[in-house]
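Take a look at the structure below.
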Amino acid sequence: MAISPSQRRYLRSLAHDLHPVILLGAKGATEAVVKELDLALAHHELVKVKLSGGDKEEREAQIGTLIDGTGAESVQQIGHIVVLFRRNEDDPRLALPR
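Read in UniProt numbering, the sequence shown has 35 at position 35, and its numbers run on one by one without any break.
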């Protein structure tokens, strides 16, 4: 499921006012965090995650783990914050533009 540039722009505008739902600690992206993120994506579809400290490569590895574990798509990353989106096929909450 690839989102178009106009959909990505729309999702970024929706995510602007969101607060991080998932906060990664010193252990980073563990399996328990991936499960919680999976539940949050099923409920909200659009989730902001605050990554733990570290260098850029470590944050990229954390994002990769979260995306691979949940099947989500990265909408935006600014510093230690990443916005992830996964469409809930059973009960879609967000109407995406074409």
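Even glycine gets a Cβ: it sits at the ideal position worked out from N, Cα and C.
**Message:** Suppose contacts are defined by Cβ-Cβ distances below 7 angstroms. Is residue 80 in contact with residue 51 by that definition?
**Reply:** Against the sequence shown, residue 80 aligns to sequence position 80. Against the sequence shown, residue 51 aligns to sequence position 51. Yes, Cβ-Cβ distance for residue 80 and residue 51 is below 7 angstroms.
**Item:** Bridge partner(s) assigned by DSSP for residue 77
**Value:** Residue mapping note: residue 77 aligns to position 77 of the sequence shown, counting from 1. In the DSSP output, where bridge partners are listed per residue, residue 77 has 82.
**Proximity below 7 angstroms, CB of residue 9 to CB of residue 75** = For the purposes of this step, residue 9 is identified with residue 9 of the sequence shown, where counting begins at 1. For the purposes of this step, residue 75 is identified with residue 75 of the sequence shown, where counting begins at 1. The answer is no: Cβ separation not under 7 angstroms.
**Asked** Grouping DSSP H, G and I as helix and E and B as strand, with all else coil, what is residue 49?
**Response** Sequence index remark: in the sequence shown, residue 49 carries index 49 (1-based). Note: residue 49 maps to strand in three-state DSSP.
**Prompt:** What number of angstroms, rounded off, separates the C-alpha of residue 67 from the C-alpha of residue 31?
**Reply:** Looking up residue 67 in the sequence shown gives position 67. Looking up residue 31 in the sequence shown gives position 31. Between residue 67 and residue 31, the C-alpha separation is close to 12 angstroms.
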